[in-house]
Every structure is written in C-alpha cells, then in structure tokens.
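Residue numbers (our numbering), protein chains in the order written: chain A, 173 to 1310; chain B, 3 to 384; chain C, 3 to 183; chain D, 919 to 1058.
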C-alpha cells in the first residue's frame, strides 16, 4: 500500500454513507459502517427513480476495479464488501479521544431474531397479530411487528419491533429454525418504583404495570420513602410526581440522580407544573407525563426504557477518523400551522408518500389512488416550498431538491398513468440550478405536458360534497385563480438529521441558525475538529450527485488526515488465502446438502442416480445445519479428503450471502470462486406448494445446474495488472491544485500541468466568497503548498499534446514552452481545465463603458475603480444570454454573485438604487437567506419572462433599461449608471481536451460524466477523472469538493502497485478472431481496441466490467467472458431441461 | 458531361468486345491487375483469376454461365491489407453485394478496388454447367449468351439456370463502380457503360470512349425481367415456407445433412475464421451425449444439425445476398439457399435493412436505438 | 415609475417594512375582503415599493382592510402586512388624501358618536354619515337593514339606554399626544 | 396421463429482475415452479444461441427478462437484447414455434408483484397453447 491505511467509522448508511465506505474500502482502509435503521440505503431504499434521468442507477456506485471484493447485485438488497463491517440498528453513544485515535461507543438494538438461524421463510409474520405502520411506504401501509427490514433486503432477516410486540409468542412457536428470542427475557426482572402522594395514582399505575404488563412494581407515598427504597434496591425506572407535601419531586430527582444514576426517571406532573417538569428534564429526568394520563400513554414510554435496558449491548471500537453521513430528515407538514390540511384532508400527501404510491412495491401496488378514500386520481398538483423559504415554519432556506423531485414525479406520473392525467406544479422560483436540470424542466413542460404555474398556494380548501381539493392562489397579474384537484403533493423541504443534536454535541460541531452542521471555510466536508468529517447531505439537503461528491470528498479528507503522521498507520492487508492450483485437474465436484435441522429427508443415492451420468460429480454429503458451529465441524470432518477441486453447497438463501464461501475456501485451500452455493430451501419450502413436492426431482435440476455452473468456474489464478504509481493533473485552477495536493498528500507523485504562466485560474479575479472569506490569501496558501510539496512537479505554459495506453499505464506527451516535449507514464489522470465567463452578445454590451459583466464589476470593485454618480442606480440583468438555446443550462453561481455584489455596493453607498432583473432566482440552499437580506437592504427585484427580455438603450452616456414589470403589468424604464450582465460560465474553449483523452463532452462542452448521479467525477473512460468548472459550473467550495472526490477515485486506482483482475473479465481467443470489430462497438465501456500492428483485439482489463455484450455479439465465440463460457451455459440449459 | 458511354460490340461478337474493354482497362497505368473469370486451358471450366498481362485477357470469359464460387471472399482477401495499387474486379451483382457486406465487417476495403459489374444473365449449378459444356458444340459462353438475348431457355443438355439465379431480383449491378448494361440493348450495336461512382467515371474518362445516349428500351427490359424473377422468387418462398412450416417438416428438410458445414465454407458472408460449431464450444462431453440419449431415448449423431442451421440463420440471415452457393456446395443436394433466402427476406424486412445495398447501413445487430420495437417487449397477446 | 430617488417621501417607513416581499401572492390569496378591493394587496405592496404614492391613495384597498391579521399570519417572509395597511390609513388621513371618501367619513362619524356618548348611537351616527356623504340613494340601501335591526330592538331612536359618558377630554388628550409624535 | 405442465427457461438479469424475483420470494408471493431461472449478468449477454438451444432442448417457452431501458447497470445491454429477440421472433415462428414461446420483458427492482404476475400469466399462456413441438419431433 502506498499510503497509510487505518480503521475509519462512517455514521449513517444512506447513499452518502455507502459511497464513503466503499471509497475508503477501495483505497485499503477498514471501515465500520453504522446505521440507525435496520437496513442500509436510507431514503433511497424507497425511491425507484431519480432525476434527471428518471431511471435508477444505484448499483453503478459499486466498486469497478476490484468488483469481486463486494456484492455484485442491486444495492437495494443490501451492501456487502470485504473491508466494510456494516452494523445496522446501531447508534453512536459517545465519541472521545483526540485526533487520529478516537474511541467510539456503539449501542446495537437487538432485533430479537438470531441472524444466523433465520432463513426468511416468513411463517412468523403470518401469525403475528400486531400491525404497525411501515416506514418503507412512508406509513401508508402496515406491516407486522415481526418483519423484514425492507421488502428488498436480501437475505430477508426478520426482526421484531420491541415497542410494538405484545410478547404473545405466536411467532416463536411457528418458527421452523426457532430463531426467535422473545424480547427482554423475563419481564418480572424489570423493576419500577412509583412515587406519588395520591393513593389513587399509585394503585392504578401498579395495576396497569404489574397485572397487565407483568413488571415488578413498588410504590412510595412520599419523596423520602421513595429515596429509602431506592437506596436498598436498584430500580430500572422511577415514576415521580412533582407536587408532593414535604420534599417535592425535583428534590427527590436531584438526590436520586446521585444515589442511583442509571435509574431512568419519568416525571408525572399536573398541567400547571409543566415548566417544572421541563426543568426536571434538564437535570436528568428522561421524560414527563401530564396527569391524568391513560395506560396507552404510559405503557409505550415504560416499554421503551424496558427494551433499551433489556437489549443493551454497548461496544467500543478504536477508529482513526469519523465521517458523519447521517443525511437529513424531511419536513413534517403536520407540525406547525398545517395550513395545507396534511393528514386532515384526503388526497394531501408528501412527495415521499407520492413516490411510494406510484411505486410497484408501494402500498397500492402502483395504482394511483388517494390513501384515505382509495379514490382514483386524474388531476394532480405539486405545491412547492412547503417548510422551505417560509418564516412561518422557521425555514428561511431553500431545500434545493424539492423542485426537481416534483418535476420528476410529475413526469413519471404522466408517463405511467397516461396523457389525460393533469399535472401542474405551483412554484415561486423553479430551482433548476444544475447543468442538466434546465433541459430536464423544459422537456417536462414541452414533451410531457406538465403545467408550471407561478403562484404560492397557501390554503387547501376541501369541497365537502365532492371531497375535491380546491386550490386558491393569486397569479402574477394579481387576480385570484382557483383549480380543483384530486390530489395535492406537498414538496416538503428539509430539516437537520434526526441524530444531529446528539452527534453535534458529541463532536462539538458548530451549528448554523437552522440547526445544520457548519464546515471550515472553502471546504464542505472538513470541520473544526480534526478527526471528524461531514459527508453527503449532513450539512443540508443535497441532490444525489452532490451527496455522492461530498461523500467521496469526506472520505478523501479522512484518509488524508491519516497520512499526516499524526496517527500510527494500521495496515491490515487481508491474509491472501493460500490457494491450491487445480488448473491441471478435470472438474471434480463434491456436494454438501444442508437439511436445515432435518427439515428435509434426502435419499442421497436416489439423488445421485438421478444426477448420473456426471463424471465430474464425486459424491453427495448431508449436513444437518450448516449455519451452526456443530455444522461447520461436520463439514471439517467430511472435507478432509482432498480428492475434490470444486465444492457445491446446497442450503438456504441466507448461506448465499454469509461468509460460508470464504470460510470453506480457508478450510479447503481452494480459491473462493471454485466454491458455489445454491438455494434449495426456498423452492422446496415454497409457501402454497399444494401437493407434496417431489423434492428429489426439484433438487436434481437445481444441483445439476449448479454442477454445470461450477464446472465452468475458471481455475486459473487471475492475472495482475501493473499500475504506474504516478498521476497527471491537467489545469492549475482551484480544482487542479486541490486534486494535486490531495494525491500528493497520499504519497503519489503528481505532474500538474497548467497552460498559463501562473496557477490560480479563476481565483485570480474573484475577491471574496459569499460567506465573506477572502480569496487572495487562500490562493497564495494553495500555490505555496504546491510549490513546496515534494511529490508535485509543476509544468506551467504546458499543454497535453498526446495521450494513449491502457488504464493504469497511460502514456502522455506534454508540450512545454519553446516546443519542449516530454513524455511520461501515468496511472490515472484528473482533468480540471476549468471554465470562463460566457462572452456576452446583446444587451448593448460594448456600446458603453457603463455596461459590464460580473467579472469586470468584481475587478472594478477590487481596484476601487468604480465610482457611480450620486445617488446613482445599478441594474443587474440575470440569465443574460444563457439558460436558453444554444446554452440552455443554468450556471448556478451568477444569481448568488449578483446578490453578493449588490450587497457590496449597498454597503459602500446605502442610497444607491440597485435593481436585479431575474427569471428564476437560483439561490438554492442557504444562499436563500442572502436573497432575503438583499431584499431587506432595499434591492428591487423585477421578474421578467424569457419572451419579454429587458432591453438596454444607449445614446451617448445615458443608458436606460426597459423591462416589463409583471405585477404592475406596465413597462418600466430605469435610468442606469451601471448595467451588470450576469452571463454565466462556459467550459474553457482551449484545445480539444476530450478528443485527446478519448472521453465524450456533453452537449454544452463540459465533460460528460460516466453517470450524472452515481459516478459524477468519472469520465466515460476508466482512469480519466474530471472535476472543477470544466465538469460543471459551481461555487469555489463545490469545485474543491469535486476535485477531492476525483482524487479519491484516482487513489483507488493508484494506491496499489498492481490490481487483481476480476474473475469475470472478457478475453479474446485470437486464433478464432476474424477481426470484424463488432465487439468493439458492442462494448459499453470502450474497453476494446484494435491493435493494428499486432493485428489483434486488445482489452483494457480495468475498463472491462464483465457485462458479456462482446461475448453475445461475437458469432463464433472468439470473444468470451471467463466464468460464463458458452459451453458451460449450454450445460446449465441442458441441466435445467433434464 | 453524362456518365454513359458506349462499349462498341465488334462484329467478332460480344466476347471479343468485352475482352477489348478489359484489355483497355488493364492497360491504364492506374490499374495494376484485373480479376475476371478465366477459361482454364486444361479443362473447359471457368475460375476467377487475377490477370496482370494484357495478353492473357483472351482467356477471360465473362459470359460463361459458370458460377463456381462467390468471388466476394477472393476480393476480400485481396483487400484485407494494402495491395499496393488499384485492382479492377469483374463481379456478378450478388458477389458485389456480398463484398459490400464483408467490407462492413472489416474483412476488406473499397479503397483499392474498381468494381466492374454487368447485367447478370444468371448461371448454372456447377454440375449442370459441366453437362452444358459437353453438350455445347462451339464456345459455351457465346451460345449461352445468344440464347439469353433471344430469351430462349431451352439450353443444350436440357438443364436450367440455378434456382438462386432464377429467383434473383438484383441482377442489375447497382453497387458497382462501372456497370455494363446489355439488357434492352439488343437493337443497338453497343452495350451501355455507366459510371455509377466517381472512381468508375474517372476510369471511363481515361478510356476516352464514345458517349452514349440514354437507351429507351432498357428500362422496359429490366422491368419485365424483374417481374419474371420476382414471381419466381415469391413462388419459391411460398413453397419453401410450406415445406418447413414446423419442426417436423424442417427436420425432414434437413434430414440428409451430415454437418459437413460446406454451406458455411462457401457462404461469402459467413466470415468467421472458424465456425463456432467446429470449436470446443460444441465439442460435447461424452457424458452429455449419453444424457441426451437417455432423456430422449435416442439421439441422432452428429448432434446439433437443426441447431447449426438455426444458429447460422440467426448469425447471417441479415447479410444473405441469395447467391445460391450454399445449395451449390451441399453434397446431399439439400435446398439450403431456398431456406436461407426465404428467412433472410423476413429478417431483413424486420430491420428495414437490405444486404449489400450500401456500405453506410450498419449491420442490424451492431446498432440500437433507445425507443424501438416496443411491441417485442411484454407478454400481452401476440 | 419615475426614477426620482425613492427615499425622500412619506412611504419610506412602510417601504422599510415591506422591502423583503417576494411577490408570492399569499396575502392576496388569504384576504377575506379581497373581492371588494379594486387593487389586490400584492399590487398595492408593489406600488408602495415603486413609490407610486398618488395612485395608492386613489385606490380603496387599504381602506377595505378589516385587520383580521390573516395575511400577516401567513406571509412566508413574516412581514407586518396588517400594520402596513393601518399605517397607510393614518398617512392617508394625515396627507388629506382620504378625508372625502365615504369610508373615511363613516370612521369620522363613528368617532364623533363615541366621543359624544362614550358608546355608539347608531341612529345618530348613520344619519350623520348619510348627511356627510350627501348621497340620497345611500339611506335607501341601508333602510332594510335598519328596519330589521329596529324590529329586534337593536337600534333605539333615543340612543344607547345605559349611562353615557362624554369622552371629549380623552379625545383631546389623544390628539395632543399624536401631534407630539 | 396427468395434465401438461410447461417447463419455462428464464434468462434473468442479475441486477433488476433477479432483485424482483427475490422480492417476490421474500414478500412470499407464490409463482409457479415451472420457471427455471438462469441468472446472467445482463440480458445483453444472452446469445441467440442460448435461446435456440433452450427451445430445441424441449423448453416450452423461453423468457428473457432485464432492466427497464435506462436502468441497465451496463448502460445499454437491454437495447441490444431487444434487437436480438426481434431477430429471433422473426426466424423461430417461421418454423412453427408459436410467438408466445419467446418473450422479452422489462422487470424493475421493485416490481416484485409484476414478476409474480408475469410468471403466472406466462405459465398459463403456455399451458393453454400446449407442449412445444420439440416434444413430439425427433430433433436431429
């Protein structure tokens, strides 16, 4: 390993958490991934489609270089990776220790079902009497108290929700492998103390808890009596009244917390003393109940304590860094004023609920009906900004993604339910700020017939007879509009993560005024505390693309913290299993059948007779329960003979994913891919199998297919591809410098190539960021670090002239000043060629010195060359020549820059009149707050329609701007001393970078990502990574994040001297190949080239992903894929039809 | 400057005219050699040959009704790698179309070759040609061509044109650089020479031939030959379809097949160096053969006969130009061409693709579009 | 919109309150009296921002506001809209724009009746208002309402039966305080 | 003799359709056991040879099922499969294989219910049209 690796904790296993964990695992670190929920996937586990592609692509996040290290299946089934230890149902209790050496206490909530024994047959769920709302379907459908965490989870390990289970024990009696341990053993061990002066309260609580629940309950009629009971015997829980003669409840609490600190206390208070109850909670009480209360208010609270106490399995682990990926939560519209009738009016649903309603695995199996009255839906309305951009629900920020989610859902609804479905979106500003969003929105409006209506709907009225929803809103011209809809989807905004308060005070994280964690200047992932990093959407709701970028960046920064020598590097290279070379032997297979505790009676010789003739089958052995320790000893005894070279295990679906193949590989010395596992239990125990299954016939097919699959396993040890431990970074802007430093800090020698004489790129002219951080010192610090760094060699005034070779061993020719040409080999390339301000046409630009672009204004402000007349007026025109064809994308930063510059001008001269003419203010995220501050400072905002663009008239030095004011419905003419055009950005139009590196540009000239959401910083060619503005417009910290993410992906390629080629890699049998090159165009990854001098088809092993497209198109199977050779596929087909 | 020239027919006859034309092309310094069918001295059989010495032109016999093999494979071999100069090739139109298919599969290039085509009168099966030669008194080529021009199909030795040629509707050489047209020219004293591409025009210009007016009769002649051929073809399709409309009939149709794979060897568009059926993929384990026998009671060996023909249909039916060599080569006279042409017709129509029409149409299975063939997906009623 | 500088004119105080308005139309959507307003509140705030003072006081909108606070409760920018409406009313009176409108006269009669009796004397107030508006048709419009109220004993010709207090010096004190502010 | 039970070979893509199959399994939806699932990495990998082999070996129907267009883990595997099935659907009915015997479907990761329905409908369709002609003919 070229850099120090260690053990890193990732908190939260949503998309961000999984991305960080996989990145770190791919660069050699050991990762513990902790998740509060019982499954990984977070919010994405219940989303079938994502914008802007309207498809799903989660599995494209899986590792690409060493694919065999992780699961190769849909991520909604769950994630397994050699170096990632996943712990679901686990919370962080404490993080202490200083940088590089943190001890973390984890508490795992028990699921009451033994994971090794449960085989997901679901018999328990059939008999369970308790129905609870199913969070997977956002509460719209119910599931049993004993359930599988996710419908998709595989293997389907059932678990019990402790608070809902009535301990009736039905499931335990039914479970075939008795895997269920009822929650909390004996209830009578749970001791409760009730301290109250009124006898009636004491007796009734005792009856509820003792007779009905079976707890041990003691009572005390006064404070001192309670305390004496506490001294002589520990209690788990104390129910404490406040208003008592003599010693009141608070004094008792204060003494009790010293006397027996881990007794949980619940205060019981009359209405008047609620404040004192809250006070009591500050000094240690867990909760409070307002008298008089019913049993069903008291019992769940008691059960919570009971469960936690009973299932406590705390554990501490040592880690070198912690990455918080706890994501965010969605705003609950029923909290606050609930003026939109959520849960009171039928047909008012949140965006997440709507996603579940239209999903085929949703509560109504994909039928579009209203949850409460099952009424079919024909007319739909999406209401934007629910819980965002709204003081009343204290959410004066923009949640960034709700606009795009609404467009996606509207398009999906029309595609799925037909064109006569009426879909309208009611919005104030449609925030389509990413480079591909504007075209997505235009297509939604143009091709899918989605109606975009400007107007903020405040109240949802229900028509009592027809149960229709009536939407009243004032349209732009001011008159009132009403529209009747069947269903209204609330585009709910964001709130901080559920665990934010706890995590924040554990890691001393500074929070902003809305409760989101804040990061260091110029970084979206580093925090003040060195060992703690924030990934994904923890710092505020991000779309999937940003979440993936920030997660990779957080991983990079955590890994970088390990390199600075502060920590002792821990290399735990996996012990390579010694493998026996069996490539010379004919396939000899032994079959192990697990009868699952004798649930199956198997006649082995009937079975082997049915499987004959099969010379490669040596014999069949029976094991009672393969998943138990006794089972593994039995296997040990059976397998001592080494006459076999392949092993087929026939067991239950659980075994297919358990580590059994790795354990058997260690036990038998065989390579892991010569051991296969097939599931014979599901087909045989299949529910609803009426007649008694002829299990031998059924099993014969499965085993026969398994034998032929296994016979096709590739016995040869897979080759290693050498990696050249050297990186190339093209472009010396902020992204290039960050990427170069990130790689160099990991010990990778970097060639940084910059075409100009100096580094800095756009940092040279920008003065200040939105948050007020000064750029010049930051730029100086970066350049200084680069010049001093031993691993970085800087090439200025140099461009890349030629590029060729395979991933891990590229050959680049650089052309320096005075035609000095150098060629060198690189393992990976990061392109950061950046971008520039769009050259402006129109709006009178160039006809008068008063008309400037944003860049010119920023430069003039810096050199104080700007003197506007008194009192003076400045007009800023947004989307000047951009966000319309041919450049139909939003450059994301010009709105925020206009606001920054407007506030700068206003601070210098408060009397100055500033007008901003905009189409949609793209102040996503927390920049919305700056928008409000600008309005308060007196900046006048005038919205204009793309059809009626403002016009600038210049005669002499009198400049006037004429614009159609939509509300006053009149044309305004503003005399302007300065007109500032916000023209957005284009990629730097230098030499044909994409042609040289063999990657595809996108329609606007930026780099085309391999996958806009799931592989945002990888180009269409493996080994070439892209970042910065050349990838897509963004703020400085966003560009830095893409650079760090690109560095992390490059590290996965560079950090090892060679990479083990995956077993399923394409291969060419050159003697059969007639060089028709059909396979070259068939390869989706461009991994095949025609080497004309060798007259052969050559495959880049690291680019090939093993999809088999080449094998299928090649008529005479000259192009094949190991493990899937055609003759073995024929064998499997024959076995299936035997 | 029109693109029509005259190929004057001297009184010595059509053959002499053609030979003089070929000699004039060979004598151009830009053309290094010419590939044309040649009458072998040792035996009256005609084989393609690469002629460099103009004097040898007198052996070539473009009119002979002999179609021993599809020369597309020969031309592909001549153009797979740089030949060093330009070669003229005289090909029947099914050979031109087959060669265009091979170019799409990178088995040859069009850069260093000038294709000369002629209205194809059709040809005999190899066996029939040998009988025709014995029963001919003087030069077989000339007698055949005269009878064709007089539309008299009673050939000596009572033999008939090959099935493939009787059903061929592509008899005009549309893909050639230079097209020699004799159809509808009976009343003229010359054949028509048409430069169908720039390269063809450029060669014709160098020959400084007299220009020709657009012939009046030609269009009609082509139309009625086309009608005759199409009628024959559609009738052939119908009978073949009836003969193979289910597996029982198909197995009967192919019962005599001994898996010798000759039909694949001679097929111009079956370009694989080694057919998958002769590689290790179909070299079945003995235990597998036994298992088939046990399951079905009896298994005919060699196995995979129908599987071979179906797979060959799947692989090359979209590229089949209907040249008939497969039937020609089959030792057991299985009408392979009829089966493959009738299926090829359907598969090429399905993708709106015509084999050999133009180099720019990509082979159907090598390209795809996002939304196409929606009807193929799903299990609603057929 | 004339381009003189917007700050030196009477609406400056209101403009400071409303400048954060993002023209979302929620106030218009929520206003119960919206049907009676010739210009919607949203349009009104736009006019305030644009400094069209004369046009504002020509319209009835701010007079129609019955201070139900719905708009303030719902404004996503948390702006004090109802307060702005009542400020407009005060400024209208101070600048004499709205002395002659029927609504203003109605308010004046109401205050006069309260000053004289400590409580409203409906008959006296309504007749004073009809007289002040000098529109002969007006009494006819209200006659049906008046008769219905009389039949229920809501309006008595002699005025309020309870004890009457003259509030003149209270009103004088208030006008003194207002002049000082 | 007992009623005819079809044997159907299904080439199932490892990503979306296999997930839907497992989802149908874990949601305990019952689908007929006539289906023999053969897992392939992508439908783009299903060579026409495999379909012809399965039909000739006696399969009463062959199903190829992959991800919806755009969801393919390998970007465009499903589009290629669609063209190959289009070609086979042109050749095979020509020789007496009823069109219903070769099917291509898109099944997404959460279409567990659809997976079970498709399997049931397909089995009943094939049961309706009866055994494949390969059962009565000696395949040479």
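Glycine included, each C-beta is placed from N, C-alpha and C at the ideal position. Here the structure is a predicted model, which means the values were calculated and not measured.
Three-state secondary structure (DSSP) of residue 1035 of chain A: Here residue 1035 of chain A corresponds to residue number 863 of the first chain, with the count starting at 1. Residue state, collapsed to three classes: coil.
Can you tell me where the alpha helix (DSSP H) holding residue 83 of chain C begins and where it ends? On the third chain, position 81 is the one that residue 83 of chain C refers to. That run of the alpha helix (DSSP H) goes 83-96.
Spell out whether any CB of chain B is found under 9 Å from the CB atom of residue 1033 of chain D. Along the fourth chain, read from residue 1 onward, the residue named residue 1033 of chain D stands at position 115. No - not a single Cβ of chain B is within 9 Å of the one on residue 1033 of chain D.
Please check if any C-beta of chain A sits within less than 9 Å of the C-beta of residue 284 of chain B. Locating residue 284 of chain B in the second chain gives position 282, counting from the first residue. So, interface residue.
Counting C-beta neighbours from all protein chains within 10 Å, is the total for residue 630 of chain A 16 or more, i.e. buried, or is it exposed? What you label residue 630 of chain A is simply residue 458 of the first chain in a count that begins at 1. It is buried - the Cβ of residue 630 of chain A has at least 16 other Cβ atoms within 10 Å.
Determine whether the Cβ of residue 1003 of chain D lies closer than 9 Å to any Cβ atom of chain B. The sequence position of residue 1003 of chain D within the fourth chain is 85, counting from 1. Chain B contact via Cβ: present.
Determine, for residue 612 of chain A, whether the minimum Cβ-Cβ distance to residues of chain C falls below 9 Å. What you label residue 612 of chain A is simply residue 440 of the first chain in a count that begins at 1. By this cut-off, residue 612 of chain A is not an interface position.
Delimiting residues of the alpha helix (DSSP H) encompassing residue 1169 of chain A: Looking up residue 1169 of chain A in the first chain gives position 997. From DSSP, the alpha helix (DSSP H) with residue 1169 of chain A extends over 1165-1169.
Please list the partners that residue 584 of chain A has in chain B, where partner means a Cβ-to-Cβ separation under 7 Å. To locate residue 584 of chain A, count along the first chain from 1; it is residue 412. Residues of chain B passing the Cβ test: none, with the nearest at roughly 17 Å.
Please give me, in chain order, every unbroken run of the beta strand (DSSP E) with length at least 3 that falls completely inside the segment 105-148 of chain C. none
Using a 10 Å radius around the Cβ and a threshold of 16 neighbouring Cβ atoms, would you call residue 103 of chain B buried or exposed? Taking the second chain and counting its residues from 1, one reaches residue 103 of chain B at position 101. Answer is buried; the Cβ neighbour count reaches 16.
Could you check if residue 490 of chain A is buried or exposed, using at least 16 other CB atoms within 10 Å of its CB as the buried criterion? One-based indexing of the first chain puts residue 490 of chain A at position 318. Its Cβ having fewer than 16 others within 10 Å, residue 490 of chain A is exposed.
Note down, in chain order, each residue of its chain lying with its Cβ closer than 6 Å to the Cβ of residue 122 of chain B, except the 5 sequence neighbours on either side. Taking the second chain and counting its residues from 1, one reaches residue 122 of chain B at position 120. Hits under 6 Å: 94, 95 and 173.
Sheet register partners of residue 259 of chain A (DSSP bridge): Sequence index remark: in the first chain, residue 259 of chain A carries index 87 (1-based). The partner list for residue 259 of chain A (beta bridge, DSSP) reads A:206.
Hey, out of B:320, B:242 and B:380, whose CA is closest to residue 338 of chain B's CA? As a working note, residue 338 of chain B is residue 336 in the second chain. It is B:242 whose Cα lies nearest to the Cα of residue 338 of chain B.
Suppose the cutoff is 6 Å on Cβ atoms and the five residues either side in sequence are ignored; what does the same chain contact list for residue 1144 of chain A look like? If you number the first chain from 1, residue 1144 of chain A lands on position 972. So the list reads 1135 and 1137, once near-sequence residues are dropped.
Based on DSSP bridge pairs, tell me the residues matched to residue 80 of chain B. Taking the second chain and counting its residues from 1, the one referred to as residue 80 of chain B is at position 78. In DSSP, residue 80 of chain B forms no bridge with anything.
Stretch pair the segment 275-291 of chain A + the segment 303-312 of chain A: three plus CB contacts closer than 8 Å: no
Nearest candidate by alpha-carbon position, reference residue 673 of chain A, set A:666, A:665 and A:682: For this step, residue 673 of chain A is matched to residue 501 along the first chain. Of the candidates A:666, A:665 and A:682, the one whose C-alpha sits nearest the C-alpha of residue 673 of chain A is A:682.
Are the segment 960-977 of chain D and the segment 152-160 of chain C touching by the rule of at least three beta carbon pairs closer than 8 Å? no
Please compile the residues from chain B whose C-beta is within a distance smaller than 7 Å of the C-beta of residue 1244 of chain A. Taking the first residue of the first chain as 1, we reach residue 1244 of chain A at position 1072. Within chain B, the residues near residue 1244 of chain A are 275, 276 and 281.
Residue 232 of chain A: which of D:974, D:975, D:992 and D:987 sits nearest, CA to CA? Walking along the first chain from the start, residue 232 of chain A turns up at place 60. Taking only the C-alpha atoms, the option nearest residue 232 of chain A is D:992.
Cutoff 9 Å: residue 310 of chain A Cβ touching any chain C Cβ: Stepping through the first chain from its first residue, residue 310 of chain A is reached at position 138. Not closer than 9 Å to any Cβ of chain C, the Cβ of residue 310 of chain A fails to qualify, so no.
Grouping DSSP H, G and I as helix and E and B as strand, with all else coil, what is residue 553 of chain A? One-based indexing of the first chain puts residue 553 of chain A at position 381. Here residue 553 of chain A sits in strand by DSSP.
Nearest-angstrom Cα separation, counted from residue 607 of chain A out to residue 1060 of chain A: For this step, residue 1060 of chain A is matched to residue 888 along the first chain. For this step, residue 607 of chain A is matched to residue 435 along the first chain. In a straight line, the C-alpha of residue 1060 of chain A is about 8 Å away from that of residue 607 of chain A.
Taking only the alpha-carbon atoms, compute the straight-line gap between residue 234 of chain B and residue 169 of chain B and give it to the nearest angstrom. The count along the second chain starts at 1 and reaches residue 234 of chain B at position 232. The count along the second chain starts at 1 and reaches residue 169 of chain B at position 167. Going from the Cα of residue 234 of chain B to the Cα of residue 169 of chain B covers about 5 Å.
Are the C-beta of residue 268 of chain B and some C-beta of chain D separated by less than 9 Å? Your numbering for residue 268 of chain B matches position 266 in the second chain. Chain D contact via Cβ: absent.
Closest residue to residue 615 of chain A among A:906, A:1056 and A:1233 (Cα-Cα distance): What you label residue 615 of chain A is simply residue 443 of the first chain in a count that begins at 1. Looking at the Cα atoms, A:1056 is the closest of the given residues.
Per DSSP, the bridge partner or partners of residue 1123 of chain A: Translated into positions along the first chain, residue 1123 of chain A becomes position 951. Note: residue 1123 of chain A sits in a beta bridge opposite A:1134.
Residue 564 of chain A touches chain C at which residues, Cβ-Cβ below 8 Å? What you label residue 564 of chain A is simply residue 392 of the first chain in a count that begins at 1. Those are 75, 76, 77, 78 and 80, listed as they occur along chain C.
Rounded to the nearest angstrom, what separates residue 612 of chain A and residue 257 of chain B at their Cα positions? Residue mapping note: residue 612 of chain A aligns to position 440 of the first chain, counting from 1. Residue mapping note: residue 257 of chain B aligns to position 255 of the second chain, counting from 1. Approximately 59 Å, taken between the alpha carbons.
Euclidean distance between Cα positions of residue 379 of chain B and residue 1032 of chain D: Position 377 of the second chain, counted from the start, is the residue given in the question as residue 379 of chain B. Position 114 of the fourth chain, counted from the start, is the residue given in the question as residue 1032 of chain D. Between residue 379 of chain B and residue 1032 of chain D, the C-alpha separation is close to 14 Å.
Could you give the DSSP three-state label for residue 8 of chain B: helix, strand or coil? As a position in the second chain, residue 8 of chain B is number 6, starting the count at 1. Of the three classes helix, strand and coil, the one that applies to residue 8 of chain B here is strand, per DSSP.
Over what stretch of residues does the beta strand (DSSP E) that includes residue 490 of chain A continue unbroken? Taking the first chain and counting its residues from 1, the one referred to as residue 490 of chain A is at position 318. From DSSP, the beta strand (DSSP E) with residue 490 of chain A extends over 486-491.
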